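Novice: Below is one structure. I have some questions about it.
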Amino acid sequence: MISVVDLGLAMIEEGHPQSDEFQKLIEDLQDRWAELLAAVQARKDRLELSELTQQVWRLHVCFMLSMVSIGMGDHL
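Going by the working numbering, the sequence shown opens with residue 942, and the numbers climb by one from there.
Below is the structure:
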């Protein structure tokens, strides 16, 4: 993506007749790239939260099983 933007900017600097259109397309590409990066980060955050939730659930189950195995299950 960076090389495409660099090429477009170079053409704009050289005074290409479609410089205005290139500039709009570059801005659109950069906006979409930022949106993609934000979506990737949000997905990563959700996956990390899911992993944490699973770890807490496993600890809870292990705790409950250990209470049952030592005879304290009736008090939980």
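No residue lacks a Cβ here, since even glycine has one placed at the ideal position from N, Cα and C.
Predicted, not measured: the structure shown is a model, and the values here were computed from it.
1) Residue range of the alpha helix (DSSP H) that H1001 falls in?
2) Identify, in the order they occur along the chain, each residue of the same chain with its Cβ nearer than 6 Å to the Cβ of G949, setting aside the five sequence neighbours on each side.
3) What whole-angstrom Cβ distance do I953 and S944 have, given they're in contact under 8 Å?
4) Should L970 and V946 be called a contact, given that it needs their Cβ atoms to be closer than 9 Å?
Specialist: On the basis of the supplied data:
1) S960 to S1010
2) F963 and I967
3) No, I953 and S944 are not in contact; Cβ-Cβ is about 15 Å, not under 8 Å.
4) yes
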